[in-house]
Amino acid sequence: MTFSHQIKLEILNKKMKLSSLLSFLNGFLLTSCDVKQKEILIKINKSNISSILKEKMQFLKIDYKPYPKNKNWFYINKKDIKISMQIKEPRYFFAGAFLAGGTISNYNSTSYHLQITTLNKNIALLMVNKLNKYDFNFHLISKSNKYVIYEKKSENILDFLNAIGAMESFQTFFDIKSIRDIKNSANRIASLDVYNQKKLVDASNKIIENYEFIVKNNLEHYFDEQQLIFFKLKKEKPFLNLNEITNILATKYKIFKTKSALNHWNIKLKKIVEKNK
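Quick note: the sequence shown uses full-length UniProt numbering, first residue 1, plus one each step.
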């Protein structure tokens, strides 16, 4: 079962009072049907959704008749229901609209996308304007003689699921998103650690190379004893960072220097080498 189908079953199975159910059905019909016809054809391809929707029709005492070529499709008579171009009870109107033409990317997808497709541009504009009054960021595009409103921000998609009352789907989406965010954060940190480790290795190799140059060329007299101890320690333990080296210098050699001071020694070493090459 797709995530879209899961959401549709959840909102369709919710109990609604009469006015809410009428608003739900209004959103559904405006989004997916040609409401200008005397007989409105409702096209539902999923049998479980079609069955539940027929039960809603029976509750509203709206007669329906089957469509001969598809057992899940059915007709209702336009005179049996009042269709309004106004969005009353937005929660239920947009739940109906999503049932009719909504899809959402599966929660294991690498990107987020929620959309509602309709045949009528005026309905699409009506929905976009209403939704964006509530700080959503829906956009409208035309595609294959249909009109699609869509939202790509994960936080707004969560808000939409909450707004239409799909709380179980909201929780599922939220949990998956949270786990993904944690993994992405961990991957970024791991990548940063690798990058920092490479920087440390490259810097250490350069310091060792410079130290070996001054030893080979008898240039130690440019440095005091503490500085030479530091360079020798760096050669012996190249993978230690400056924090770790300052601790060893302090505990083993009673040399109390900051990282900044050690960096100045490295700069001095580099300059002496460059001067004598």
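A virtual CB, placed ideally from N, CA and C, is assigned to each residue, including glycine. Just so it is clear, the structure is predicted and the values come from calculations on it, not from any experiment.
Practice item. Drop a sphere of 10 angstroms on the beta-carbon of Y211, count the other beta-carbons inside from all chains shown, and report buried for 16 or more, exposed for fewer. Key: When all chains shown are included, Y211 counts as buried.
**Study point:** Short Cβ contact (8 Å threshold) for S20 with G102
**Key:** no
Point to revise | Residue environment, V273, which counts as buried when at least 16 other CB atoms sit within 10 Å | key: buried
Point to revise | Sequence-distant residues of its chain with Cβ nearer than 6 Å to residue 279 (five each side left out) | key: An answer regarding residue 279 cannot be provided, because it is not within the stretch 1 to 277 covered by the chain.
**Study point:** N- and C-terminal bounds of the alpha helix (DSSP H) containing F223
**Key:** Unbroken run through F223: none, as it is neither H nor E.
Review point. Who pairs with L140 in a beta bridge, going by DSSP?
Key: I149, per the DSSP bridge assignment.
Exercise for review: Can you check the segment 29-107 for any alpha helix (DSSP H) of at least 4 residues that lies completely inside it and give the ranges in chain order?
Suggested key: 47-59, 90-101
Exercise for review: Give the range of the beta strand (DSSP E) segment to which I116 is assigned.
Suggested key: 114-118
Review point. Leaving out five residues before and five after Q226 in sequence, what residues of the same chain have Cβ atoms less than 6 Å from its Cβ?
Key: Excluding residues within five positions, the ones whose Cβ falls inside 6 Å are I255.
**Study point:** Alpha carbon of I179 to alpha carbon of E155, nearest angstrom
**Key:** 15 Å
Practice item. Look at the alpha carbon of N70 and the alpha carbon of N162, and state the distance between them as a whole number of angstroms. Key: Those two C-alpha atoms are separated by around 33 Å.
**Study point:** K121 to K146 span [Cα, whole Å]
**Key:** 8 Å
Practice item. Find the nearest neighbour of K153 within the set T110, K143, S144, judged by alpha-carbon distance. Key: T110
Review point. Using the C-alpha atoms, what's the distance from D181 back to K17?
Key: 38 Å
Review point. Does DSSP classify I229 as helix, strand or coil?
Key: Helix.
**Study point:** Beta-carbon contacts of N106 that lie in its chain and below 7 Å, excluding the five residues immediately before and after
**Key:** T2, F3
Review point. Run through DSSP, which three-state label would N241 get?
Key: N241: coil per DSSP, three-state reduction.
**Study point:** Unbroken alpha helix (DSSP H) run spanning K121, endpoints
**Key:** 121-132 is the extent of the alpha helix (DSSP H) around K121.
Point to revise | Distance between beta carbons of K130 and I87, contact taken as under 8 Å | key: Rounded to the nearest angstrom, the Cβ distance from I87 to K130 is 5 Å, consistent with a contact under 8 Å.
Check your understanding: Taking C-alpha atoms, which residue in H113, I76, I52 lies nearest to K38?
Key -> For K38, the nearest C-alpha among the options comes from I76.
Practice item. For E10, count neighbouring Cβ atoms within 10 angstroms of its own Cβ and tell me buried if that reaches 16, exposed if not. Key: With 16 or more Cβ atoms within 10 Å of its Cβ, E10 is classed as buried.
Review point. Once you ignore the five residues that flank F138 on each side, which residues in its own chain have a CB closer than 7 Å to its CB?
Key: V128, L131, N132, I149, Y150, E151
Exercise for review: Note down the Cα distance separating Y222 from N276, rounded to an integer number of angstroms.
Suggested key: 11 Å
**Study point:** Separation of L240 from K234, as counted between CA atoms
**Key:** 8 Å
Review point. Could you give the distance in angstroms between the alpha-carbon of Q58 and the alpha-carbon of D80?
Key: 12 Å
Point to revise | Near the ligand ZN: K152 beta-carbon under 7 Å from a heavy atom | key: This structure does not include the ligand ZN; it has no bound ligands of any sort.
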